[in-house]
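Residue numbers (this note's numbering): 1 to 321.
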């Protein structure tokens, strides 16, 4: 018998991370950290609250007690030493902040800076909490690792950026420069590959005991190997990495072909024109980018599924599976 959480928790871990990452994406775009990407400044805010709210509802459904014994939830709120209690406060605060920010974005009004920054902080906490929630469970060695929260945060940022990039063209019109967004996404994918590889190696070398090793083997050579290698590694990481790299190189090539005998203003105009052309042909709306972003989202879901389902429990020092 395998003792683990089920699909509802997988959905929560996925949507919670994606929603938090989407908020952070629009926050970065709004503050200018992603260059000239106005299309990304609102889409993430529209994704954040619904995704996290639905994910939280899935978590409550899985726990069951919140519906049939609501007084237990009241007791949970008063237990400040419980990780679950922290999560209730973090998720509730983020959903509220995200809803307010979404309202301002929908109305095309500037939100208070305190609200915007508080939402970004709570989004980061939400992304980390999705990993921290399971990393503190010592009875399951595969989960009991400090690498899990890091892996989930990086994946949350990546899936959130992809979801925002896919939704943005449906909401905004016009040309824009996606260069920094592509660079950030390539960086996130590479970091996720490194963190995921580190996690698997830690488990395989026995640092978390033989049960952790057996769980890792289920991924790389056991019954979950097709999902691990096919959906997570190839579709979710390797393929998007090549696509984002190709977009960056194409953009560099296009913006680099500028005549030498023109003024500074002409250079700026030429760069913007090339960036606009690049966005139309090679940018976030191209079939390649849609494939890459969709792959990242599928890979992010596969990651949560693998972490949850491959985890073998320990009971009095023995695995029961």
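From the three backbone atoms N, C-alpha and C, an ideal C-beta is built for every residue, glycine too.
Return yes when the Cβ of residue j is within less than 8 Å of the Cβ of residue i, no when it is not.
i           : j           : result
residue 155 : residue 143 : no
residue 302 : residue 219 : no
residue 247 : residue 182 : yes
residue 15  : residue 44  : no
residue 291 : residue 243 : yes
residue 236 : residue 191 : no
residue 160 : residue 149 : no
residue 25  : residue 99  : no
residue 94  : residue 123 : yes
residue 287 : residue 172 : no
residue 61  : residue 120 : no
residue 115 : residue 101 : yes
residue 184 : residue 13  : no
residue 127 : residue 206 : no
Hey, how far is the Cα of residue i from the Cα of residue j?
i           : j           : result
residue 88  : residue 186 : 33 Å
residue 41  : residue 211 : 45 Å
residue 209 : residue 228 : 21 Å
residue 103 : residue 249 : 37 Å
residue 58  : residue 22  : 19 Å
residue 96  : residue 214 : 41 Å
residue 84  : residue 252 : 47 Å
residue 162 : residue 189 : 11 Å
residue 198 : residue 153 : 15 Å
residue 240 : residue 293 : 7 Å
residue 125 : residue 133 : 11 Å
residue 298 : residue 158 : 11 Å
residue 324 : residue 216 : Residue 324 cannot be examined here, being either before or after the span of the chain that is shown, 1 to 321.
residue 314 : residue 141 : 8 Å
residue 300 : residue 204 : 22 Å
residue 92  : residue 254 : 46 Å
residue 309 : residue 7   : 9 Å
residue 36  : residue 222 : 45 Å
residue 312 : residue 238 : 27 Å
residue 107 : residue 289 : 29 Å
For residue i, name the three-state secondary structure that DSSP assigns.
i           : result
residue 302 : helix
residue 235 : helix
residue 182 : helix
residue 172 : coil
residue 136 : coil
residue 26  : helix
residue 44  : helix
residue 7   : helix
residue 34  : coil
residue 221 : coil
residue 141 : coil
residue 112 : coil
residue 131 : helix
residue 206 : coil
residue 250 : helix
residue 286 : coil
residue 85  : helix
residue 98  : helix
residue 39  : coil
Closest to residue i by CA distance: which of the options is it?
i           : options               : result
residue 196 : 25, 307 and 46        : 307
residue 30  : 132, 110, 242 and 224 : 110
residue 52  : 19, 28 and 152        : 19
residue 168 : 32, 13, 47 and 304    : 47
residue 9   : 165, 304 and 310      : 304
residue 180 : 93, 13, 170 and 165   : 165
residue 234 : 193, 90 and 222       : 193
residue 129 : 86, 117, 170 and 118  : 86
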